[in-house]
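Here the structure is laid out as structure tokens; the discussion comes afterwards.
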């Protein structure tokens with residue numbers, strides 16, 4: 001079946017969550033949002049592109065930082081309301097300079113930072 | 001720092017997205033939503049518990065299907081608006097009977113089903 005981005009289920013703001021997973025390490029890098037045009041751009045360019053809710057603009061991941069995400073696989077979930085993009089990540093996926101955004105672990109009711117900022 | 005579920009950033013419906021990843025295979029299994037009480041229950045019981053938006057009730061994953069998710073790690077992202085739960089998954093994570101929900105691959109503009117229903 002031909003893929004049509006308009007067949008995905010977007011929320012009331014026209015957005016769908018997209019989970020980025022590293023193609024090599026399999027770590028979950030981050031979650032951000034796409035609209036239908038960001039989905040199209042991601043597939044057309046092979047460069048993962050989100051929609052920035054704070055800036056209300058396209059966010060071509062790594063455009064300013066150089067920490068780009070090259071698209072390897074584009075997957076849709078069973079309800080068509082969540083995306084999984086498998087990527088080749090250059091550098092840090094997280095804006096804090098860490099490899100991924102999920103560096104805070106809750107263990108026995110206490111928060112621990114488990115990743116260091118990359119050089 | 002002691003973890004307080006009320007310090008997470010929930011959306012206007014009081015929900016936060018939670019990504020479930022398999023502790024053994026590293027595959028991304030599913031994405032669902034939690035409210036603050038589901039976060040507390042998940043941490044207290046070690047059984048991953050979501051909030052069902054369609055049923056407007058707690059959804060103790062696997063309670064009816066037996067396809068439970070035993071919590072291995074509970075992680076928070078940098079913006080505190082997304083969770084990553086690393087789990088031991090029993091059986092199929094997806095309601096379609098597939099191991100994970102992201103079985104639809106978009107390749108060269110065409111959708112492909114890449115996972116079979118488990119026995």
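Chains as they are written, first to last, in UniProt numbering: chain S, 1 to 119; chain V, 1 to 119. Just so it is clear, CB atoms sit at the ideal spot from N, CA and C, and this is done for glycine as well.
Counting pairs of beta carbons, one from the region 52-64 of chain S and one from the region 24-41 of chain S, are three or more of them closer than 8 Å? Cβ pair count under 8 Å is three or more, so yes.
Indicate whether residue 47/S and residue 105/V have their beta-carbon atoms separated by less than 8 Å. Here residue 47/S refers to the residue found at position 47 of the first chain. Here residue 105/V refers to the residue found at position 105 of the second chain. Cβ distance not < 8 Å, so residue 47/S and residue 105/V don't count as in contact.
Output the boundary residues of the beta strand (DSSP E) element that contains residue 70/V. Locating residue 70/V in the second chain gives position 70, counting from the first residue. Residue 70/V -> beta strand (DSSP E) spans 69-76.
Between the alpha carbons of residue 108/S and residue 45/S, how many angstroms are there, rounded? The residue you call residue 108/S lines up with position 108 of the first chain. The residue you call residue 45/S lines up with position 45 of the first chain. Cα to Cα, the separation comes out at about 44 Å.
Would residue 101/S and residue 30/S be called neighbours here (beta carbons separated by less than 8 Å)? Position 101 of the first chain, counted from the start, is the residue given in the question as residue 101/S. Position 30 of the first chain, counted from the start, is the residue given in the question as residue 30/S. Going by C-beta atoms, residue 101/S is nearer than 8 Å to residue 30/S.
Are the Cβ atoms of residue 8/S and residue 19/S separated by less than 8 Å? Position 8 of the first chain, counting from 1, holds the residue named residue 8/S. Position 19 of the first chain, counting from 1, holds the residue named residue 19/S. When the beta-carbon positions are compared, residue 8/S and residue 19/S stay at least 8 Å from each other.
Contact set between residue 109/S and chain V, taken where Cβ atoms lie within less than 7 Å: For this step, residue 109/S is matched to residue 109 along the first chain. The contacting residues are 2, 3.
Residues that residue 95/V contacts on chain S, provided the C-beta gap is smaller than 8 Å: In the second chain, counting from the first residue as 1, residue 95/V sits at position 95. Within chain S, 78 have C-beta atoms less than 8 Å from the C-beta of residue 95/V, given in sequence order.
Just to confirm before moving on: does the CB-CB distance between residue 88/S and residue 32/S stay below 8 Å? Within the first chain, residue 88/S is the residue found at index 88, counting from 1. Within the first chain, residue 32/S is the residue found at index 32, counting from 1. Taking the C-beta atoms as reference points, residue 32/S is found no nearer than 8 Å to residue 88/S.
So which of 80/V, 69/V, 93/V, 51/V has the shortest CA-CA distance to residue 6/V? Translated into the one-based positions of the second chain, residue 6/V becomes position 6. The residue with the shortest Cα to Cα distance from residue 6/V is 80/V.
Chain S contact for residue 71/V (CB, 8 Å cutoff): What you label residue 71/V is simply residue 71 of the second chain in a count that begins at 1. No, because no Cβ of chain S sits closer than 8 Å to the Cβ of residue 71/V.
Quick test of your reading: residue 28/V and residue 71/S, contact by CB under 8 Å. State the CB separation rounded to the nearest angstrom. Walking along the second chain from the start, residue 28/V turns up at place 28. Walking along the first chain from the start, residue 71/S turns up at place 71. Not a contact, Cβ separation roughly 16 Å.
Sequence-distant residues of the same chain with beta carbon closer than 8 Å to residue 111/V, five excluded per side: Taking the first residue of the second chain as 1, we reach residue 111/V at position 111. Within the same chain, residue 111/V has close Cβ partners 104, 105.
Mind pulling the chain V residues with CB within less than 7 Å of residue 26/S? Looking up residue 26/S in the first chain gives position 26. Residues of chain V passing the Cβ test: 26.
Measuring only between beta-carbons, confirm whether residue 87/S sits less than 8 Å from chain V. Numbered from its first residue, the first chain carries residue 87/S at position 87. For residue 87/S, the answer is no, since every Cβ of chain V falls outside 8 Å of its Cβ.
Kindly indicate which three-state DSSP category residue 24/V falls into: helix, strand or coil? Walking along the second chain from the start, residue 24/V turns up at place 24. The three-state secondary structure of residue 24/V, taken from DSSP, is coil.
Residue 77/S and residue 26/V - do their beta-carbons sit closer together than 8 Å? Along the second chain, one-based indexing puts residue 26/V at 26. Along the first chain, one-based indexing puts residue 77/S at 77. The Cβ-Cβ distance between residue 26/V and residue 77/S does not fall below 8 Å.
Checking 8 Å against the spacing of the C-beta atoms, do residue 117/S and residue 97/S come in under that value? As a working note, residue 117/S is residue 117 in the first chain. As a working note, residue 97/S is residue 97 in the first chain. A contact, by the Cβ cut-off of 8 Å.
Are there 16 or more other CB atoms within 10 angstroms of the CB of residue 113/V, so buried, or fewer, so exposed? Locating residue 113/V in the second chain gives position 113, counting from the first residue. With fewer than 16 other Cβ atoms within 10 Å, it is exposed.
Run through chain V and tell me which residues come within less than 9 Å of residue 48/S, C-beta to C-beta. Translated into positions along the first chain, residue 48/S becomes position 48. The contacting residues do not exist; residue 48/S stays about 13 Å from chain V at best.
Kindly indicate which three-state DSSP category residue 99/V falls into: helix, strand or coil? Residue 99/V sits at position 99 when you count from the first residue of the second chain. Looking at residue 99/V - three-state DSSP - the assignment turns out to be coil, as it is neither helix nor strand.
Kindly say whether residue 68/V, judged by its beta-carbon, lies nearer than 8 Å to any beta-carbon of chain S. For the purposes of this step, residue 68/V is taken as residue 68 along the second chain, with counting starting at 1. Residue 68/V does not count as touching chain S.
Per DSSP, which one or two residues make a beta bridge with residue 104/V? On the second chain, position 104 is the one that residue 104/V refers to. Looking at the DSSP assignment, residue 104/V forms a beta bridge with 76/S, 113/V.
Could you pull out every residue in the same chain whose Cβ sits closer than 6 Å to the Cβ of residue 73/V, ignoring the five residues on either side in sequence? Within the second chain, residue 73/V is the residue found at index 73, counting from 1. Around residue 73/V: 86.
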